[in-house]
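Residue numbers (our numbering), protein chains in the order written: chain D, 423 to 763; chain Z, 1159 to 1422. Data first, discussion second: the structure below is written as structure tokens.
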Amino acid sequence: MSTTNNSRPPAGATPPAGGARESEPIKAIRLRHPWRIVFAVVLVVGFVLFIVDAAGREAYKWDFVAKYVFDRRITEAALNTLQLTVYSMVIAIILGVILAVMRLTPNPVVNSLAWFYLWVFRGTPVYVQLVFWGLLSIIYSTIDIGIPFMEPWFSFETNAALSTFTLAIIGLALNEAAYMAEIVRAGLLSVDKGQDEAATALGMTWFQTMWRVILPQSMRVIIPPTGNEVISMLKTTSLVTAVPYSFDLYTRSRDISAETFTPIPLLIVASIWYLFFTSILMVGQHFLEKRFARGVGAREDRKIDTMSGTLTGAVPLGSGQPTVVRPPGDGPPPTKPGEPR
Amino acid sequence: MSDATTPSAAARAPMVLADRVSKSFGSNEVLKSISLEVKHGEVMCLVGPSGSGKSTFLRCINHLEVVNAGRLMVDGDLIGYREAGGKLYELAPKDAARQRRDIGMVFQRFNLFPHMTALENVMEAPLRVKKVPRAKVEQDARALLARVGLADRADYYPAHLSGGQQQRVAIARALAMEPKLMLFDEPTSALDPELVGEVLDVMKGLAKEGMTMIVVTHEMGFAREVADSLVFMDGGVVVESGDPDEVLSNPQHRRTQAFLSKVL
Chain D
423 MSTTNNSRPP AGATPPAGGA RESEPIKAIR LRHPWRIVFA VVLVVGFVLF
473 IVDAAGREAY KWDFVAKYVF DRRITEAALN TLQLTVYSMV IAIILGVILA
523 VMRLTPNPVV NSLAWFYLWV FRGTPVYVQL VFWGLLSIIY STIDIGIPFM
573 EPWFSFETNA ALSTFTLAII GLALNEAAYM AEIVRAGLLS VDKGQDEAAT
623 ALGMTWFQTM WRVILPQSMR VIIPPTGNEV ISMLKTTSLV TAVPYSFDLY
673 TRSRDISAET FTPIPLLIVA SIWYLFFTSI LMVGQHFLEK RFARGVGARE
723 DRKIDTMSGT LTGAVPLGSG QPTVVRPPGD GPPPTKPGEP R
Chain Z
1159 MSDATTPSAA ARAPMVLADR VSKSFGSNEV LKSISLEVKH GEVMCLVGPS
1209 GSGKSTFLRC INHLEVVNAG RLMVDGDLIG YREAGGKLYE LAPKDAARQR
1259 RDIGMVFQRF NLFPHMTALE NVMEAPLRVK KVPRAKVEQD ARALLARVGL
1309 ADRADYYPAH LSGGQQQRVA IARALAMEPK LMLFDEPTSA LDPELVGEVL
1359 DVMKGLAKEG MTMIVVTHEM GFAREVADSL VFMDGGVVVE SGDPDEVLSN
1409 PQHRRTQAFL SKVL
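This is how it looks when you write it as structure tokens:
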């Protein structure tokens, strides 16, 4: 901040008479950091050595990696993993929002029910839950739809109605929903109470207030940990073998390596695909974060600060309305969300 | 603004009628049997030390707070309840929201929606609540921003506006619903001193146009110049009320005198 006010005289000093020369810019010899350079060189050399060694090492069997990375069975499995991730996350986010809102309602029964859900699904390992879902047909051999204690309208064989793929999604989604609920709740609580009051005072309904005012603002807090959860989910899908569903990326590559006796290259193949998807998800998260940073975000302000030299206030996360003093008619227009920083 | 009060208005129910309104938070009694009346086109200033209940009273008028006793009527409508057969029925949220549409509110901390531009802030309620066509809403919103002197700031986000500009957008946002009553909750208290004037000017303009206003404020100059009546509250009761000039220059009650000696 202080660097932008270079024309202001130091405190206590009498301002020089009009036309006085400004003080010279500082030309100092830069401080050197020899150990930084040494450390960096050691790291780079170590890394290069590792790569060179790995490239030539027999056990990695890079020819196998190249052969299997676009193998039909692998690409199909990669697609299955992606589907498991996307479907279960979408369900988890919707369910998470519902649970978060339930947790915040004044109704004690609804509140307790949501709490109980969180207690069960966060309190048991996802692997155990997935095994349970696999055993669903033993616990409930048919699924009946209708009025309780009456002849059901529809009745399904559980095994026929729910494939292991569906069960895997249900298992992953219900577990994840518990975590999403807490993330969404934190996001909703981060929005200033005045926002709710302002919307209410304008005559907006509870749903309009939530959908148009509270949720969009809480997204800023919700998105980063949700991105984390998506990436985590991508990898958790490797547990669906517990259902047992065996067409996901990890299980499929294990199955192939069991035939070819080459576990290491196939693990690398699976890792390459996981990394590929993770990278795509990270890019997506970046753009989502930018979208929901509209109107806030310290970075945007700082940019304007250095460009125009006007005094700007830092914008703390979750604060109410930051006040930015700016003389009228001065400075560039606000940064649009689409513009590159 | 007595000139805005037409003879027929005198026969109408007052814009705001508070009849022995009480409000407590737990065991803390914030409002104790407040009775007052605001006529159509009248500007009333509520003054008093912090914690005197003036903001709470203002928030009761549009049902942001629920009163515990007494009746609050706005333009003849009972706020928050429906009375039938000698019984009070709590209003459904939808009906309470309908009552609030006609009552504009301006907050101390502006409470603009930070993820929307100034224009979007002003457009939001007419668009979503009144469901007016977008083209009309945008035209009206631009006119309102021009009226508060911010035509060139329509596409700015609140974070890129000064406090005074933000508060003027907030006033435009409230006016967009074409309210019959405007409530101001310390609209200039969060502003830097040099920005207070621009907000007060907008409010003066509104008063001149005959808007009924209740203003919680510490700006005694504004009260003297603009208000038709002044109410001094302390400890949850109305201590003194009347013509602003009279109350300010010749306070009768000891507590009013003590307060005014500190702020004037």
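All C-beta atoms, glycine included, are put in the ideal place defined by N, C-alpha and C.
Rounded to whole angstroms, how far is the Cβ of residue i from the Cβ of residue j, which I believe are closer than 8 Å?
i: residue 1173/Z; j: residue 1212/Z; result: Actually they are not in contact, since the Cβ atoms of residue 1173/Z and residue 1212/Z sit about 18 Å apart, beyond 8 Å.
i: residue 590/D; j: residue 506/D; result: 6 Å
i: residue 1234/Z; j: residue 1171/Z; result: 4 Å
i: residue 1313/Z; j: residue 1275/Z; result: 5 Å
i: residue 544/D; j: residue 533/D; result: That belief does not hold up - the Cβ atoms of residue 544/D and residue 533/D are roughly 16 Å apart, past 8 Å.
i: residue 1360/Z; j: residue 1306/Z; result: 5 Å
i: residue 518/D; j: residue 605/D; result: 7 Å
i: residue 1180/Z; j: residue 1227/Z; result: 4 Å
Give the secondary structure of residue i by DSSP, where H, G and I count as helix, E and B as strand, and everything else as coil.
i: residue 1187/Z; result: strand
i: residue 1379/Z; result: helix
i: residue 1234/Z; result: coil
i: residue 445/D; result: coil
i: residue 618/D; result: helix
i: residue 607/D; result: helix
i: residue 1152/Z; result: The first residue shown for chain Z is 1159 and the last is 1422, placing residue 1152/Z beyond what the model contains.
i: residue 1372/Z; result: strand
i: residue 1336/Z; result: coil
i: residue 626/D; result: coil
i: residue 598/D; result: helix
i: residue 564/D; result: strand
i: residue 718/D; result: coil
i: residue 1418/Z; result: helix
i: residue 1387/Z; result: strand
i: residue 733/D; result: Because the pLDDT of residue 733/D is 37, which lies under 50, any placement of that residue in the model is unreliable, and the number read from its coordinates should be weighed accordingly. Coil.
i: residue 479/D; result: coil
Does the distance from the CB of residue i to the CB of residue j come in under 8 Å?
i: residue 1272/Z; j: residue 643/D; result: no
i: residue 1376/Z; j: residue 1205/Z; result: yes
i: residue 495/D; j: residue 713/D; result: no
i: residue 1350/Z; j: residue 1321/Z; result: yes
i: residue 670/D; j: residue 660/D; result: yes
i: residue 634/D; j: residue 1404/Z; result: no
i: residue 1229/Z; j: residue 1223/Z; result: no
i: residue 681/D; j: residue 601/D; result: no
i: residue 1201/Z; j: residue 1385/Z; result: yes
i: residue 1286/Z; j: residue 630/D; result: yes
i: residue 692/D; j: residue 672/D; result: yes
i: residue 1308/Z; j: residue 1326/Z; result: yes
i: residue 625/D; j: residue 1258/Z; result: yes
i: residue 559/D; j: residue 580/D; result: yes
i: residue 1232/Z; j: residue 1192/Z; result: no
i: residue 1398/Z; j: residue 1390/Z; result: yes
i: residue 1343/Z; j: residue 1265/Z; result: yes
i: residue 649/D; j: residue 611/D; result: no
i: residue 594/D; j: residue 510/D; result: yes
i: residue 1363/Z; j: residue 1199/Z; result: no
i: residue 598/D; j: residue 514/D; result: yes
i: residue 464/D; j: residue 552/D; result: no
If we count the other Cβ atoms within 10 Å of its Cβ and call it buried at 16 or more, is residue i buried or exposed?
i: residue 754/D; result: Confidence at residue 754/D is low in this model, with a pLDDT of 43, below 50, so the placement of that residue is unreliable and no value is reported for it.
i: residue 1221/Z; result: buried
i: residue 1415/Z; result: exposed
i: residue 687/D; result: buried
i: residue 1269/Z; result: buried
i: residue 665/D; result: buried
i: residue 1210/Z; result: buried
i: residue 656/D; result: buried
i: residue 455/D; result: exposed
i: residue 1318/Z; result: buried
i: residue 490/D; result: buried
i: residue 658/D; result: buried
i: residue 695/D; result: buried
i: residue 1215/Z; result: buried
i: residue 764/D; result: Any property of residue 764/D remains undetermined from this structure, which presents chain D solely from 423 to 763.
i: residue 485/D; result: exposed
i: residue 1407/Z; result: exposed
i: residue 1277/Z; result: buried
i: residue 1247/Z; result: exposed
i: residue 1381/Z; result: buried
Chain B beta carbons: is any one of them nearer than 8 Å to that of residue i?
i: residue 624/D; result: Considering every chain present, this structure includes no chain B. Its protein chains are D and Z.
message: Give the list of continuous alpha helix (DSSP H) stretches no shorter than 4 residues that lie fully inside the region 485-535 of chain D.
response: If you keep only unbroken alpha helix (DSSP H) runs of at least 4 residues inside the region 485-535 of chain D, you get 494-526.
- prompt: Going along the chain, which unbroken runs of the beta strand (DSSP E) with 3 or more residues stay wholly within the region 1177-1225 of chain Z?
  reply: 1186-1196, 1201-1205
3-residue-minimum beta strand (DSSP E) runs that sit fully inside the region 1245-1276 of chain Z, ordered along the chain: 1245-1248, 1261-1264
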